[in-house]
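Asks:
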Ligand SMILES: NC(=O)c1ccc[n+]([C@@H]2O[C@H](COP(=O)([O-])OP(=O)(O)OC[C@H]3O[C@@H](n4cnc5c(N)ncnc54)[C@H](O)[C@@H]3O)[C@@H](O)[C@H]2O)c1
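Numbering (my numbering), first residue to last: 19 to 354.
1. When DSSP builds the beta bridges, which residues end up paired with residue 262?
2. DSSP on residue 35, reduced to helix/strand/coil?
3. Find out if the Cβ-Cβ distance for the pair residue 98, residue 217 is shorter than 8 Å.
4. Assuming residue 344 is part of the alpha helix (DSSP H), what are its boundary residues?
5. Classify residue 216 as helix, strand or coil using the three-state DSSP reduction.
6. Exposed or buried, what is residue 230 when buried is set at 16 or more other beta-carbons lying within 10 Å of its beta-carbon?
7. Secondary structure at residue 146, three-state DSSP: helix, strand or coil?
8. Out of 276, 203 and 87, point me to the one whose CA is closest to residue 313's CA.
9. With DSSP collapsed to three states, give me the class of residue 240.
10. Contact check, residue 4 vs residue 244 under 8 Å by CB: the rounded distance?
11. Rounded to a whole number of angstroms, what is the C-alpha to C-alpha distance between residue 2 and residue 180?
12. Following the continuous alpha helix (DSSP H) through residue 284, name the residue where it begins and the one where it ends.
13. Report yes if the C-beta of residue 175 is less than 7 Å from at least one heavy atom of ligand 1; otherwise report no.
14. Ignore the nearest five residues each way along the sequence and tell me which others in residue 308's own chain have a CB closer than 7 Å to its CB.
15. Please confirm whether any heavy atom of ligand 1 lies closer than 7 Å to the CB of residue 214.
16. Using three-state DSSP, classify residue 315 as helix, strand or coil.
17. Heavy atom of ligand 1 less than 7 Å from the Cβ of residue 266, yes or no?
18. What three-state label does DSSP hand residue 127 in the structure shown?
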């Protein structure tokens with residue numbers, strides 16, 4: 019039975035990954051998470067008593083803590099998701115993004131490398147350090163630009179994307195210099211259940227349900243590629259199992275949508291599921307001053323992961339969005 023250390027497993031994508039891996043594999047899974055404001059242990063309630071699931075409340079910047087965990091569990095792979103992940107927060111307070119995303123990734127790489135180099139040949143060969151990153155490291159596109167490929171230059175524009183770009187570079191360098199087997203995935207915007215309600219989709223759903231303003235930056239024409247979180251976690255598994263060491267894989271939903279369209283779609287779905295008696299949800303939409311360094315467009319070319327790992331996204335945007343809205347409606351505990 020393989021043992022996998024997952025960092026950031028109490029977060030939105032990490033918890034979805036852990037629930038999926040418990041259900042679909044025989045892996046023993048160790049969740050390393052500091053449980054910041056973005057961590058949510060309720061997202062793990064369905065697996066918390068599973069005999070193949072273990073939780074270590076630890077900061078990835080804590081070298082001693084990490085060394086103990088490597089000694090205790092002797093993993094076959096690391097999937098690294100722990101990060102500060104919200105662009106707006108990175109603009110207001112970048113320090114924690116540098117600590118966790120850069121120093122934390124460095125600390126985790128060092129602990130992984132020290133452990134890895136003591137393993138026998140077979141275990142060294144099959145070991146993987148899988149770094150989960152974002153398409154935002156590539157900067158922004160104009161309307162007519164082709165989608166980002168793995169060869170697109172790194173041009174990060176926010177403190178968040180710069181810190182993730184730095185972490186990607188560290189992972190690559192540890193592979194090139196020390197030969198520790200790594201893979202990197204760069205994914206577009208995720209949505210789905212258990213996303214912390216500071217990100218566009220859950221924030222819009224919850225504000226609409228409370229009859230609050232639905233703020234949209236600028237004129238709302240910024241474009242993102244959206245991927246349902248279950249599709250992303252399946253891609254992570256396939257890249258872990260089939261990806262080529264040292265390679266980077268772009269993962270996208272093949273689904274470019276403007277921010278204003280995302281908000282309008284949510285309003286339509288809510289009108290259908292829980293109509294307001296006297297108003298329309300889209301009357302709550304307001305446009306606010308654009309955020310500094312706001313990337314105009316992201317689009318992902320996922321041909322490489324399709325060809326090399328056999329992955330394609332399965333969920334179309336409207337059905338994924340309906341599932342997401344339905345989940346937030348049912349999970350009233352997230353609505354304070
Ligand atoms: N959400 C997206 O759309 C998206 C898209 C592409 C890539 N990513 C990347 O995927 C990863 C997960 O994203 P997410 O949306 O689930 O993030 P999230 O903010 O929901 O969760 C992050 C998790 O990391 C934990 N964490 C933070 N700092 C830590 C530290 N110092 N030590 C240990 N744990 C710590 C938090 O407690 C939380 O559980 C991140 O690396 C992010 O950059 C996210």
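Note that the Cβ used here is the ideal one computed from N, Cα and C, for glycine as well.
Replies: According to the structure shown:
1. Residue mapping note: residue 262 aligns to position 244 of the chain shown, counting from 1. Residue 262 is not bridged by DSSP to any residue.
2. For the purposes of this step, residue 35 is identified with residue 17 of the chain shown, where counting begins at 1. In the structure shown, residue 35 sits in a helix (DSSP, three-state: H, G or I).
3. As a working mapping, residue 98 is identified with position 80 in the chain shown. As a working mapping, residue 217 is identified with position 199 in the chain shown. Between residue 98 and residue 217, the CB-CB gap reaches or exceeds 8 Å.
4. Start at 1 with the first residue of the chain shown, and residue 344 comes out as number 326. From DSSP, the alpha helix (DSSP H) with residue 344 extends over 335-348.
5. Taking the chain shown and counting its residues from 1, the one referred to as residue 216 is at position 198. Correct three-state label for residue 216: coil.
6. Here residue 230 refers to the residue found at position 212 when the chain shown is read from its first residue. Residue 230 comes out exposed.
7. The residue labelled residue 146 in the question sits at position 128 within the chain shown. Residue 146: strand per DSSP, three-state reduction.
8. Taking the first residue of the chain shown as position 1, residue 313 is located at position 295. By alpha-carbon distance to residue 313, the top candidate from 276, 203 and 87 is 276.
9. To locate residue 240, count along the chain shown from 1; it is residue 222. It is coil, neither helix nor strand.
10. The chain is shown only over 19 to 354; residue 4 falls outside these bounds and no answer can be derived.
11. Nothing in the structure corresponds to residue 2, since the chain is present only between 19 and 354.
12. As a working mapping, residue 284 is identified with position 266 in the chain shown. Per DSSP, residue 284 belongs to the alpha helix (DSSP H) from 277-291.
13. Along the chain shown, one-based indexing puts residue 175 at 157. Distance from the C-beta of residue 175 to the nearest heavy atom of ligand 1 is not below 7 Å.
14. As a first step, residue 308 is located in the chain shown; it is residue number 290 there, counting from the start. 235 and 236, listed in sequence order.
15. As a first step, residue 214 is located in the chain shown; it is residue number 196 there, counting from the start. Flag set: Cβ of residue 214 near ligand 1.
16. As a working note, residue 315 is residue 297 in the chain shown. The three-state secondary structure of residue 315, taken from DSSP, is strand.
17. What you label residue 266 is simply residue 248 of the chain shown in a count that begins at 1. Not so, every heavy atom of ligand 1 lies at least 7 Å from the Cβ.
18. In the chain shown, counting from the first residue as 1, residue 127 sits at position 109. Residue 127 falls in the helix class under three-state DSSP.
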